[in-house]
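I have placed the structure first, in the form of structure tokens, so that the comments after it can refer back to it.
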Amino acid sequence: MDSRTKQSPPTNGGSKKSVRAALRLLFLVIFVGWIMMWIMLPVKVYKNVWTPKLNAKLNSKFIGSQGANLVIFTFPIMLIAALSCVYLHLESKHADNHKESSRSRLALLRRPVLVKAPLGIVTSMELLFSAMFVALMIWSLGNYLYVNYQHLHMHKVGEKVWQAKFRAVFLRLGYVGNISWAFLFFPVTRGSSILPLVGLTSESSVKYHIWLGHISMVLFALHSIGFFIYWGITDQMADGLEWSKDYVSNVAGEIAWVFSLAMWATSIPRVRRKMFELFFYTHYLYIVYLVFYLLHVGIAYFCTILPGVFLFLIDRFLRFLQSRKRVRLVSARVLPCETVELNFSKSPELHYSPTSMVYINIPSISKLQWHPFTVTSNSNMEPDTLSLAIKCGGTWSENLYQKLSSTSCVVDRLDVSIEGPYGPNSPHFLRHDVLVMVTGGRGITPMISIIKEVIFRKNTSSNATPKLILISAFKKSADLGMLDLLLPISGTPWDLSGINLQIEAYVTTENQETESTAKLNLQTISFKPNDHDEPLTATLGPNSWLWLGVVITSSFIMFLLFLGILTRYYIYPIDKNTEKVYHYSGRALWDMFFVCICIAAAASGAFLWNKKNLSANRVQNKDIVTPTMAPAGLTTEYPNQELESVPRQSLAQATNVHYGSRPDLKNILFNFKDSNVGVLVCGPKKMRHEAARICSSGLAENLHFEAISFNW
Numbered sequence: 001m002d003s004r005t006k007q008s009p010p011t012n013g014g015s016k017k018s019v020r021a022a023l024r025l026l027f028l029v030i031f032v033g034w035i036m037m038w039i040m041l042p043v044k045v046y047k048n049v050w051t052p053k054l055n056a057k058l059n060s061k062f063i064g065s066q067g068a069n070l071v072i073f074t075f076p077i078m079l080i081a082a083l084s085c086v087y088l089h090l091e092s093k094h095a096d097n098h099k100e101s102s103r104s105r106l107a108l109l110r111r112p113v114l115v116k117a118p119l120g121i122v123t124s125m126e127l128l129f130s131a132m133f134v135a136l137m138i139w140s141l142g143n144y145l146y147v148n149y150q151h152l153h154m155h156k157v158g159e160k161v162w163q164a165k166f167r168a169v170f171l172r173l174g175y176v177g178n179i180s181w182a183f184l185f186f187p188v189t190r191g192s193s194i195l196p197l198v199g200l201t202s203e204s205s206v207k208y209h210i211w212l213g214h215i216s217m218v219l220f221a222l223h224s225i226g227f228f229i230y231w232g233i234t235d236q237m238a239d240g241l242e243w244s245k246d247y248v249s250n251v252a253g254e255i256a257w258v259f260s261l262a263m264w265a266t267s268i269p270r271v272r273r274k275m276f277e278l279f280f281y282t283h284y285l286y287i288v289y290l291v292f293y294l295l296h297v298g299i300a301y302f303c304t305i306l307p308g309v310f311l312f313l314i315d316r317f318l319r320f321l322q323s324r325k326r327v328r329l330v331s332a333r334v335l336p337c338e339t340v341e342l343n344f345s346k347s348p349e350l351h352y353s354p355t356s357m358v359y360i361n362i363p364s365i366s367k368l369q370w371h372p373f374t375v376t377s378n379s380n381m382e383p384d385t386l387s388l389a390i391k392c393g394g395t396w397s398e399n400l401y402q403k404l405s406s407t408s409c410v411v412d413r414l415d416v417s418i419e420g421p422y423g424p425n426s427p428h429f430l431r432h433d434v435l436v437m438v439t440g441g442r443g444i445t446p447m448i449s450i451i452k453e454v455i456f457r458k459n460t461s462s463n464a465t466p467k468l469i470l471i472s473a474f475k476k477s478a479d480l481g482m483l484d485l486l487l488p489i490s491g492t493p494w495d496l497s498g499i500n501l502q503i504e505a506y507v508t509t510e511n512q513e514t515e516s517t518a519k520l521n522l523q524t525i526s527f528k529p530n531d532h533d534e535p536l537t538a539t540l541g542p543n544s545w546l547w548l549g550v551v552i553t554s555s556f557i558m559f560l561l562f563l564g565i566l567t568r569y570y571i572y573p574i575d576k577n578t579e580k581v582y583h584y585s586g587r588a589l590w591d592m593f594f595v596c597i598c599i600a601a602a603a604s605g606a607f608l609w610n611k612k613n614l615s616a617n618r619v620q621n622k623d624i625v626t627p628t629m630a631p632a633g634l635t636t637e638y639p640n641q642e643l644e645s646v647p648r649q650s651l652a653q654a655t656n657v658h659y660g661s662r663p664d665l666k667n668i669l670f671n672f673k674d675s676n677v678g679v680l681v682c683g684p685k686k687m688r689h690e691a692a693r694i695c696s697s698g699l700a701e702n703l704h705f706e707a708i709s710f711n712w
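Under full-length UniProt numbering, the first residue of the sequence shown carries the number 1, and numbering increases by one thereafter.
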């Protein structure tokens, strides 16, 4: 054969890989440039040299005074957000089991270095970036004061120099607090296209939102209190009631601060744990806070934090659209450990990674409450089903359990709405040789999806899969029933014996299995289909990342167009051709109105277009046929001994039960001599912290820790 025929042209996968590499480099360059502008913002050369030139070039008749900040602080992040959607789309279409090598190279930076309240578990990378962030704030405050003290502005005749300096300090503290707000909304944007770029999910980033919130609230509190003291010592208390027509509104700032104090007070950990609903509903005051915050600082300065707010509002509106649908609940399994497994119909085009989360709402229990749960199903093995497990742990879950387990009132239908799923972009845990999963109680649920993913990979891929060690602690022997979540709910064949799985279950409060526990039965309930119910689908269809990029791009362009038209043909003529000046607050309200209306229009258009296409191609839902399926609306009980099957036998053979003891994590983890051992922990804080301390002790370099939990 001619040697030239052996040379194959570059594959499509190779070209996509090159595109992704180029996009990653572009993201890095843009982000570094954006950070550099934050570093330069408080320095003298920026204020005295750059600002006049930038304003002259960028503050046009069409954009107004916010032109420079829109270009410098808003546009770069919006560009990254839009292009990252293309990057994530390419990544989702390119199955590469070795793409975690870069993550492995960063394993040292992901190792816990600090395990202590109130920060929780902090990795080397988090500590590094936290130090850099604090350095940026100190740098900004120092330079703001240095520049300001050189040209002190006296706001009142007879004002003393120390009083002017006092005012300058607390004014600049507000400026520095704004830096925190520039990042505040990114961690809580559940469908973010930016967080996956750095290997994060919204669930794992909640602690950053908490840190930034506390920092900003301390700075804004000092800013507000400092100004009240300043007004008092200079006899200017009347300024606290000023709502200026051509400058910032002090009243708006005070109103915003009052609302922020309410959110801050209810977010204190002890209050949040004991009165979660109060915390949850009070946090919706952020809408009112943002309006008055905007009226206080003005639109030009608001543009510095606009990217985070803009992207968060897009995500929030898309979540609202998805939550309006009723998802078809096909069946439920009531386990003998006060746990319910709900099985929903889903579109085969909807894919999600293990450990993904969904938020569900059941109006018959509470019309307002949304609760997060880990998905226990696998989108590859169960393409038509999404399952989640709910263990009793509060009023809401107890009401659901009672409703489904009651024999006096048979439930034949349950209305449910779902947001999500949200989760990691890839199953990164597959890079380990051994995967040790440490769980406590309901913390076992994310591990169920991981085990199913390994089963799927073992049966469909020639690549090596990790050895699995599941260490689960339960209070009572009845809770061992949660291991039944590993058993199939449908005709999907899978066998646990095909993978290297070892389960070590610890029952901590009982010395042996109780007789009553052994006789507990499992119930399966099937629900009647309803024409108004739909399978769970991605909010923006199969190509959701591309559509999200379209929504981000189109909404931002519409915002700039509306802003340009209003400024050029309405505000500019008033400012230039009359003695009047357009109201400072009016400009801000117009901008916020355009942001909201453009996001609603773009997101609604994309959502309705995809909904129309899905409706045209949808095949009528088929009931899931399970070995224990009862006629719709009926409940069937099956004694455990009647459920003997190959999967159950494999589960029993893989499980060792230890009564009256707790797992000795230190001894267990140090006994692993493999070179690459992943340690995933999901359970109580004490368990997570213990595992983190062991992995960060330096005595076992082969242990790589990762926590899966909302409660950091």
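Idealized CB from N, CA, C, for every residue including glycine.
Annotation for Gln502: no alpha helix (DSSP H) segment contains it, though the beta strand (DSSP E) segment containing it runs 501 to 507. When DSSP assignments are scanned along the stretch 423 to 497, the uninterrupted stretches of beta strand (DSSP E) that are 3 or more residues long and fall wholly within it turn out to be 434 to 440, 467 to 474. Taking C-beta atoms as the reference points, Leu285 and Phe259 count as a pair closer than 8 Å.
Each residue's CA atom was taken as its position, placing Asn399 and Arg442 some 17 Å apart. By the criterion of at least three beta-carbon pairs nearer than 8 Å, the stretch 213 to 224 is not in contact with the stretch 319 to 339. About 7 Å separates the beta carbon of Ile80 from that of Phe31, a gap short enough to meet the 8 Å contact definition. For Pro663, the closest C-alpha among the options Met357, Lys467, Leu222, Thr509 is that of Thr509. Exclusion of the five residues before and after Ile599 leaves Leu313, Ile314, Phe317, Ser555 as the residues of its chain whose Cβ lies within less than 7 Å of its Cβ.
For Cys303, the three-state secondary structure derived from DSSP is coil.
The beta carbons of Ser477 and Ile444 sit about 15 Å from each other, so the pair does not count as a contact at 8 Å. Met482 and Ser397 have their C-alpha atoms roughly 16 Å apart. In this structure, the straight-line span from the alpha carbon of Asn250 to that of Gly298 is close to 11 Å. For Ile255 and Ile574, the gap between their C-alpha atoms comes out near 29 Å. According to DSSP, residue pairing for Ala707 in a beta bridge involves Val681. Fully enclosed beta strand (DSSP E) runs of no fewer than 3 residues occupy 329 to 335, 339 to 345, 357 to 361, 371 to 374, 385 to 391, 417 to 422 of the UniProt domain "FAD-binding FR-type" (322 to 428), in order along the chain. Excluding sequence positions up to five before and after Ser347, its CB lies within less than 6 Å of the CB of Pro535, Thr537, all in the same chain and listed in chain order. For Tyr584, the CB contacts under 7 Å within the same chain, skipping 5 residues up- and downstream, are Ser244, Lys245, Asp246, Tyr247, Gly298 in chain order.
Taken through DSSP and simplified to helix, strand or coil, Ile194 comes out as coil.
The alpha-carbon separation between Asn143 and Ser426 amounts to approximately 42 Å.
According to DSSP, Gly120 shares a beta bridge with Lys116. Around the beta carbon of Ile469, 16 or more other beta carbons sit within 10 angstroms, so the residue counts as buried. Under the DSSP assignment, Asn55 falls in the alpha helix (DSSP H) whose first and last residues are 51 to 58. Annotation: Val657 is outside any alpha helix (DSSP H); the continuous beta strand (DSSP E) that includes it extends over 655 to 659.
Phe562: member of the alpha helix (DSSP H) spanning 544 to 566, first to last residue. In the DSSP assignment, Leu536 forms a beta bridge with Lys346.
Judged by DSSP in its simplified three-state form, Ser249 adopts strand.
Rounded to the nearest whole angstrom, the C-alpha separation of Phe292 and Met263 is 15 Å. In the three-state reduction of the DSSP assignment, Ser697 falls in the coil class, being assigned neither a helical nor a strand state. Rounded to the nearest angstrom, the gap between the Cα atoms of Leu368 and Thr51 is 48 Å. If you ignore the 5 residues before and after Ala606, its C-beta comes within less than 7 Å of the C-beta of Leu540, Trp547, Val550, Val551, all in its own chain and listed in chain order. Separation of Gln322 and Ile390 (C-alpha to C-alpha, rounded to the nearest whole angstrom) is 21 Å. For Trp243, the pairing in a beta bridge is given by DSSP as Ser249. When the beta-carbon positions are compared, Cys85 and Ser193 come within less than 8 Å of each other.
In the three-state reduction of the DSSP assignment, Ser675 falls in the coil class, being assigned neither a helical nor a strand state. His89 is not a Cβ neighbour of Asn610, given a cutoff of 8 Å.
Each of Glu277, Asp384, Gln502, Ser449 was checked against the Cα of His371, and the nearest Cα belongs to Glu277.
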